[in-house]
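Have a look at the structure below before the remarks.
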Amino acid sequence: MTTLYLCGAGNPEGIRLALTINQVQSRWDRIIILDDDPSKHGQSILGVEIVGSFNVLERADPVSDEVSNMVARTTRRRQSALRKIQAYGLPFATLIDLGVDATGVTFERDITAYRNALFCANASVDEASVVFMGAIVGHGSRLGRCCVVAPGAVINARVELGEGVYIGTNASILPDLKIGPWATVGANSAVVQDVPTGATVMGVPAQVLILDSSNRSVESSNAPGAEQQNPNRPCDPTTLESEQTEIKSRTLKQLRLAQEKYIESYRLTNDDLIHREEKRID
Ligand SMILES: CC(C)(COP(=O)(O)OP(=O)(O)OC[C@H]1O[C@@H](n2cnc3c(N)ncnc32)[C@H](O)[C@@H]1OP(=O)(O)O)[C@@H](O)C(=O)NCCC(=O)NCCS
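If you want it as structure tokens, here you go:
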């Protein structure tokens, strides 16, 4: 009997993906969910039972069974789940929606690609990465290990994502940019310049909200003093919560002022153009 173990019960879409693939390809005799939260044990999602904690993997057969990491809320959590699962020495299943065109795309092992994800030619995706519904990975783009690309995000041509990068819903990364390892791009952001390692950026155009404290030498931030830790990275226990909140709200204020200035400068340019056009017509 072959079993697919889905690790993490917080991602019903992942369970649906596994069920849909199995309906067509009959890859496993059964699919079960594991979660380390005991209050979920015995429950079912889409008819698939949560049978126990990750330690059920001790009883799995490394020859016939496969495992998949369903955790994708942050890349830090994804990596931590990945490490736990790897300890059991089981093969990882690659779960790619059957409608995804993989021609000319390089997928390493343990990739998850959801419905309507679009991979352009010569894109490559390193192991343990996830690309959600409707996201676009442009031609020649490279996704590092353990990245998460949320629904609707657009990674334009030749963009490079380092290891553990998280791209929020509907974010857009302009062509040829490099997003440093463990960086986070906020939902709906438009990234117009490279992003430093461990930074959190957001907004249109995206600006640095948080710089990873382990990366203080990087001073390209548009928001000076932004040194709070990325939520995608392990927290520094010595930093007080109130201090973090204070830094974050100060940085956000700067970000909003910068955005207002940016919009205002566009408005002025536009007004100027209209004025010149009116004069020309007169
Ligand atoms: C950018 C992000 C990582 C910041 O997370 P965080 O550090 O926990 O930030 P918070 O939620 O505390 O928000 C801090 C402030 O930023 C604002 N903010 C959060 N995300 C924002 C975004 N994407 N764009 C603009 N402003 C944003 C919040 O409104 C809040 O403002 P306030 O302090 O005035 O109330 C997160 O908000 C985000 O966008 N995550 C991506 C989520 C996603 O796409 N999920 C996909 C699910 S499938």
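Sequential numbering of the sequence shown, starting at 72, is according to our numbering. C-beta: ideal position from N, C-alpha, C; glycine also. Since we're looking at a predicted model, the values are computed, not measured.
Span of the beta strand (DSSP E) around residue 139: Position 68 of the sequence shown, counting from 1, holds the residue named residue 139. Taken as a continuous stretch (DSSP letters only), the beta strand (DSSP E) holding residue 139 covers 137-140.
Looking at the structure shown, is residue 182 part of a helix, part of a strand, or coil, going by DSSP? The residue labelled residue 182 in the question sits at position 111 within the sequence shown. In the structure shown, residue 182 sits in coil (DSSP, three-state: anything other than H, G, I, E or B).
Look up residue 235 in the DSSP assignment and say whether it is helix, strand or coil. Start at 1 with the first residue of the sequence shown, and residue 235 comes out as number 164. DSSP places residue 235 in coil when its eight states are reduced to three.
C-alpha distance - residue 241 paired with residue 353, whole-angstrom precision: One-based indexing of the sequence shown puts residue 241 at position 170. One-based indexing of the sequence shown puts residue 353 at position 282. Using only the alpha carbons, I get a separation of about 44 Å.
Look at the Cβ atom of residue 199, then the Cβ atom of residue 78, and state whether they are nearer than 8 Å. In the sequence shown, the residue the question calls residue 199 occupies position 128. In the sequence shown, the residue the question calls residue 78 occupies position 7. Not a contact, by the Cβ cut-off of 8 Å.
Does the Cβ of residue 337 have 16 or more other Cβ atoms within 10 Å, making it buried, or fewer, making it exposed? The residue you call residue 337 lines up with position 266 of the sequence shown. With fewer than 16 other Cβ atoms from the protein chains shown falling within 10 Å of its own Cβ, residue 337 counts as exposed.
One question on the structure: do residue 266 and residue 256 come within less than 8 Å of each other, judged by their Cβ atoms? As a working mapping, residue 266 is identified with position 195 in the sequence shown. As a working mapping, residue 256 is identified with position 185 in the sequence shown. In contact: residue 266 and residue 256 (Cβ atoms closer than 8 Å).
Is the beta carbon of residue 224 sitting closer than 8 Å to the one on residue 239? Residue numbering aside, residue 224 sits at position 153 when the sequence shown is read from its first letter. Residue numbering aside, residue 239 sits at position 168 when the sequence shown is read from its first letter. The Cβ atoms of residue 224 and residue 239 lie closer than 8 Å to each other.
Applying the 10 Å Cβ sphere with the 16-neighbour rule, what's the burial state of residue 97? Here residue 97 refers to the residue found at position 26 of the sequence shown. Burial call: exposed.
Which residue comes first and which comes last in the alpha helix (DSSP H) that contains residue 84? Numbered from its first residue, the sequence shown carries residue 84 at position 13. DSSP places residue 84 inside the alpha helix (DSSP H), whose first and last residues are 83-96.
Residue from 126, 100 and 258 with nearest C-alpha to residue 112: Counting from one through the sequence shown, the residue named residue 112 turns up at place 41. Shortest Cα-Cα distance from residue 112 to any of 126, 100 and 258 involves 126.
May I have the straight-line CA-CA distance separating residue 279 from residue 326, to the nearest angstrom? Position 208 of the sequence shown, counting from 1, holds the residue named residue 279. Position 255 of the sequence shown, counting from 1, holds the residue named residue 326. Each residue's alpha carbon lies about 8 Å from the other.
So does residue 97 have its beta carbon nearer than 7 Å to some heavy atom of ligand 1? Counting from 1 along the sequence shown, the entry for residue 97 is found at position 26. In this structure, the C-beta of residue 97 stays at least 7 Å away from each heavy atom of ligand 1.
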